[in-house]
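Protein chains in written order, with my numbering: chain A, 18 to 584; chain B, 18 to 584.
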């Protein structure tokens, strides 16, 4: 049973045509002697009508939600048009109707405005995915992926695969392990990223690699994290930071133009890491609004004030007085991000008020609050207690003050990242990006590791990091030195990374980047839940509700792979 | 240091141009006062020359194999041209040379004709992949994949992802298991194929799905099998066998034309399974040559002959007498494939000879061997001892008789597969394709399962199965019945497939196919080793030689996932 059209095609130009359609019954209702049916497919919805005298009437009486049907009929103009529907000017008077399959009554409304709880939606994901909004998310996902791929192929990149069953090299997140059947007491590991393999492709002379790669991290989930996720993984030989940036700007501008019809200006804004922290309290600032953090000048320091005598003070000046309740919300956010003391002062009808007023002279308040309805929100404490927590306050203020225009896209490159970060807890250095990132200066790396900068760059969109990359170390000695700086013992280096340092004896300069595809799609589809853009996601507690995975397995299966569960 | 050309570009049209090149030193040799260098990149090789008076001479003396260099020089015509090289008409007289990186002496020759053993090649895979032939395999892989994708996108298919961390539903091959950290004693499983997920996409109304999907089977490896492999996974709603066949023929003709410049005729040859077995002794016959199996007519039966009294006899007639040694090779192949008795007779200079002669009358021999140098090779035994073993003999005879023209591509659809096969060992039916394949006739499925046919089809190229698919069951009751026919208990059906039978309460008709991408690429690149077309393959004993995986892991990692190794 073939069709002449899909369900978003018919309009006034088809009046009096005989058409054949197919799809799912979205709605079916009797009114007087007529039956009205909304038929849905992945393209859209068409309204069908059946009158009492139609040969299809008896069949139409049987229809229930989600039945799969095929119909034939004549296109006519609708009396009451529906402008929200692409086919809203017409309806199809049907005279043939075949029920391809019946359906049980679904346990949830298959409509964009469903009333189902998330757990129900995930358990019956195959019904949830019938909702037009969900279909659109995943079709956009397919289109976005194809567009990215198109640009990369045009630029001479080869799409090359890397193994999923690899070796456990824990340095960063936790690995998923896969017990080996042929080798007792041995395990494969799922890749946290194809990082090492893509670097080996560069050693192997492929020069330009990309892959839409599945990655795995056994970490606790957050709203925008999943156990498995997809990244656009890119690496090229003989490149510097500018080459990578130009490529990604090409991808992004093409993507936003072709998918969203939005024109993005290049070059993107660029900012060193230190400036991002000092000015926006974040290494991924949302550039859709200003609200800069200002460091309180030294002249305001006051040894007698418990606030102004602390090491660091920074504030945000706004030109609207916000409510007590809003201040409480900001304070909660500030504390949640590790802030110490948040305080404020404001000027209304030429007088100052707020807890901060007693820490400043009247003259100082005049300088800080020059106009009526000015307000400052000030954070004080150690560096880490001030800047990043105040950055979170800034983000919330952006929403409270309604500074974010919907459907705007502000890209930013954050560059000049620190090479290392120091963990007080473990008493050792960690690589800020990863251990394969090259230092801007090798002497600095060795002698002043805490201030050494890396050839690393992140791309940020609307306050989300959507990708990060670096120019890599390509000489064996330097890689060896890097591992040593990270506190790895010689033996560990050999066991875990021996094959890789060996490969660098034949090294080639290279660099690259990885884009978080799920997150990018989330931003491009304007949703805030990463599960919306993944067809079969895990819950925040790492379960697949639909399949009910993970699950127990037969004892025989465990015996074959030589493991026992711990009771 | 930018370049003006890559290493397959320069020819006589560039004479006297100044060019800049980059690449790896493939060869470097001194002759008289000159140094000749072959520089290699992913595109090709260019010959460089440096004379004693060149500013680059001192540097050039330092060059060793696989150094990475950047050069600048003038293109000149070569005196002795090299027609096997795209740049063989010119050479570049260089006057600037920068060593980008040195290299250790590689442990293997980085040339197509390497002398390295496979284990060495896999251990130093990043050097092995520098060999032009290997680079070509993987670049073709990228191009083949893009072309397949292009056709599918043109045909309205969406590329949709499916999870890697799923549920263990062992029915067929062995699953790889991944212990869960959050759920003690529970396991995820890696997918053997996205079969169930793609069917759920159809339930969800996506209508046309594809994915270049990684699949995993924990089975013992053969020359053309890997633990993980890639398939082009395709599914569509409302389709029949003809729709799927037309789509795949479109993909294949486009692919062979665009990648190999070979024009393939459509429609492809088509043959029922039964005919393939009877005529070619194989469900994946190599159609590049004829050599049909002939069933010995009943009139030749002879109760007094130990050969001709057995249940089945089939033979191959050839028009050349082969040697005793070749017959021994055929017999070995025949036995290896489960054959019982293989015998032969031949006619030379008007007289018959060979062990078979004593089982036939002279008149019968005249009929069977009508010309001088005719020879018959006859298999006898049970059905299974005759047809498939003789099919293996046929394949070998094709080589012995040199019947296979290189670079020819003969496609074949094998259709009308049996729905089930019966395992004597387990005393139960197994699905010939998989348990989701629909029967041609539901009554037959239930009442005559051993002869019931399936809506299943395989695509065969040059004797290799490169894909298989079916029209699926889409109604819950029939799927339930199928599981019961396979001997699954009600409880097992619920535990393993409950979510899937639940989904079929909302079913949509659909069907699809999966193509074995690795094998297809192997055939298109004319190699016989599947490892050649996989960048980082496992050995036949399931190891990654380069990474040395699988490997032992820290006790702490096992504790976190609540398992112990069995000692």
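Idealized CB from N, CA, C, for every residue including glycine.
With a threshold of 8 Å between beta carbons, is residue i in contact with chain B?
i	result
residue 178 of chain A	yes
residue 247 of chain A	yes
residue 473 of chain A	no
residue 71 of chain A	no
residue 526 of chain A	yes
residue 162 of chain A	yes
residue 635 of chain A	Residue coverage of chain A in this structure runs from 18 to 584, which leaves residue 635 of chain A outside it and unanswerable.
residue 45 of chain A	no
residue 185 of chain A	yes
residue 558 of chain A	yes
residue 561 of chain A	yes
residue 261 of chain A	no
residue 552 of chain A	yes
residue 258 of chain A	no
residue 182 of chain A	yes
Excluding five sequence neighbours on each side, which residues of the same chain lie with their C-beta closer than 8 Å to the C-beta of residue i?
i	result
residue 517 of chain B	213, 216, 217 and 496
residue 372 of chain B	360, 361 and 362
Between the options, which has its C-alpha nearest residue i's C-alpha?
i	options	result
residue 110 of chain A	A/172, A/380, A/262 and A/90	A/90
residue 112 of chain B	B/67, B/104 and B/106	B/67
residue 246 of chain A	A/357, A/434, A/438 and A/235	A/235
residue 201 of chain B	A/156, A/569, A/417 and A/175	A/569
residue 147 of chain B	B/42, B/181 and B/193	B/42
residue 546 of chain A	A/196, A/184, A/64 and A/238	A/238
residue 450 of chain B	B/439, B/465, B/462 and B/473	B/473
residue 265 of chain B	B/181, B/566, B/531 and B/351	B/531
residue 248 of chain A	A/390, A/158 and A/403	A/158
residue 168 of chain B	B/319, B/39, B/225 and B/206	B/225
residue 232 of chain B	A/193, A/227, A/178 and A/272	A/178
Keeping to the same chain, check which residues put their C-beta closer than 7 Å to that of residue i; ignore five residues upstream and five downstream.
i	result
residue 103 of chain A	25 and 61
residue 140 of chain B	562 and 563
residue 117 of chain A	85, 86 and 87
residue 553 of chain A	142, 561 and 563
For residue i, decide whether its Cβ has a neighbour in chain A, counting only Cβ atoms nearer than 8 Å.
i	result
residue 518 of chain B	no
residue 113 of chain B	no
residue 222 of chain B	yes
residue 567 of chain B	yes
residue 376 of chain B	no
residue 385 of chain B	no
Residues in the same chain with beta-carbon distance under 6 Å from residue i, minus the five sequence neighbours each way, listed in chain order, please.
i	result
residue 407 of chain A	298, 310, 331 and 396
residue 72 of chain A	112
residue 478 of chain B	428 and 540
residue 18 of chain B	87
Within 8 Å (strictly less), CB to CB, does residue i reach chain D?
i	result
residue 532 of chain B	Here the protein chains are A and B, and chain D is not one of them.
Next on the checklist: Under 8 Å, CB to CB, which of the residues in the stretch 224 to 235 of chain A have a partner in chain B?
Outcome noted: Cβ contacts with chain B come from 224, 231, 233 and 235.
Checklist entry - When Cβ atoms are compared, which residues of the stretch 432 to 454 of chain B fall closer than 9 Å to chain A? => result Within the stretch 432 to 454 of chain B, no residue has a Cβ that lies closer than 9 Å to any Cβ of chain A.
Item to check | Interfacial residues, the stretch 47 to 61 of chain B to chain A, with Cβ spacing under 8 Å | outcome: 57, 58 and 59
Item to check | Residues of the stretch 79 to 104 of chain B whose Cβ lies closer than 8 Å to any Cβ of chain A, in chain order | outcome: 83 and 85
Item to check | Where the stretch 265 to 282 of chain B meets chain A: residues whose CB sits under 7 Å from a CB there | outcome: none
Checklist entry - Unbroken beta strand (DSSP E) runs of length 3 or more, entirely within the stretch 91 to 122 of chain B: which are they? => result Under the rule that a run must span 3 or more residues, the beta strand (DSSP E) segments found entirely inside the stretch 91 to 122 of chain B read 107 to 118.
Checklist entry - If contact means a Cβ-Cβ distance below 8 Å, which residues of the stretch 107 to 132 of chain B contact chain A? => result 117, 118, 120, 121 and 123
Checklist entry - What residues in the stretch 132 to 159 of chain A have a beta carbon less than 9 Å from any beta carbon of chain B? => result 140, 141, 142, 143, 144, 145, 146, 147, 151, 152, 155, 156, 158 and 159
Checklist entry - Residue ranges of each alpha helix (DSSP H) run of no fewer than 4 residues wholly in the stretch 410 to 440 of chain A, ordered along the chain? => result Listed in chain order, there is nothing to give.
Checklist entry - Enumerated in chain order, which unbroken segments of the alpha helix (DSSP H) with a length of 4 residues or greater are wholly contained in the stretch 499 to 560 of chain A? => result 507 to 520 and 534 to 541
Checklist entry - Between the stretch 188 to 203 of chain B and chain A, which residues of the former have a C-beta closer than 8 Å to a C-beta of the latter? => result The stretch 188 to 203 of chain B vs chain A, Cβ under 8 Å: 191, 192, 193, 194, 195, 196, 197, 198, 199, 200, 201, 202 and 203.
Checklist entry - Taking Cβ-Cβ distances below 8 Å as the criterion, which residues of the stretch 488 to 499 of chain B are in contact with chain A? => result 491 and 492
Checklist entry - What residue ranges within the stretch 319 to 386 of chain A form continuous beta strand (DSSP E) runs of no fewer than 3 residues, ordered along the chain? => result 329 to 335, 358 to 365 and 368 to 370
Checklist entry - Between the stretch 313 to 336 of chain A and chain B, which residues of the former have CB atoms less than 8 Å from a CB of the latter, in chain order? => result none
Checklist entry - Residue ranges of each alpha helix (DSSP H) run of no fewer than 4 residues wholly in the stretch 204 to 267 of chain A, ordered along the chain? => result 212 to 220
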